[in-house]
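Residue numbers (my numbering): 1 to 124.
C-beta atoms are modelled at their ideal positions from N, C-alpha and C, and glycine is treated no differently.
These figures come from a predicted structure and were not determined experimentally.
Below you'll find the structure, written out as structure tokens, and then a few comments.
Structure representation (structure tokens):
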């Protein structure tokens, strides 16, 4: 059963990558760093994205908590040539997506939201 779910999760992440040629990849990770599913270029890249996703989402949650705001919807990191977007993907899960700067950001947000809904259906 788990192998089937793993395969479906990876296919779901591939679907996000097919949204645009500018999506580099994505991963679903747990809050303690376990990679549930990944569609990232290689294992080294996967490790880096996993650590960054956990750290950035945790920092975002702490910042909004200190300000008395509600839960974090997403954390966006923008560099000169890329975006990294982290969103909650259910209890204890994070979806991290990496895209080149040429992507239309709204398209990426919509695609991530749809992907998270599919991930939730598979995991919960």
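Which two residues bound the contiguous beta strand (DSSP E) that contains residue i?
i: residue 19; result: Residue 19 -> no beta strand (DSSP E), and no H or E assigned at all.
i: residue 76; result: 74-78
i: residue 100; result: 93-100
i: residue 84; result: 82-88
What residue range does the alpha helix (DSSP H) around residue i cover?
i: residue 45; result: 43-66
Got a sec? Which residues, its chain only, sit under 7 Å from residue i by beta carbon, not counting five neighbours each side?
i: residue 53; result: 29, 86, 94 and 96
i: residue 9; result: 28, 36, 37, 119 and 122
i: residue 56; result: 75, 77 and 86
i: residue 110; result: none
Going by beta-carbon coordinates alone, are residue i and residue j separated by less than 8 Å?
i: residue 98; j: residue 51; result: no
i: residue 12; j: residue 119; result: yes
i: residue 103; j: residue 22; result: yes
Leaving aside the five residues before and after residue i along the sequence, list all residues of the same chain whose C-beta is less than 8 Å from its C-beta, in chain order.
i: residue 1; result: Any reading at residue 1 needs caution, since the residue's pLDDT is 45, under 50, leaving its predicted position unreliable; the model's value is listed next. Same-chain partners within the cutoff: there are none.
i: residue 64; result: 70, 71 and 72
So, for residue i: in the same chain, excluding its five sequence neighbours on each side, which residues have a beta-carbon less than 6 Å away from its beta-carbon?
i: residue 60; result: 72 and 75
i: residue 31; result: 92
i: residue 26; result: 13, 16, 39 and 97
Looking at C-alpha atoms only, which residue of the options is the closest neighbour of residue i?
i: residue 84; options: 68, 92, 70 and 101; result: 101
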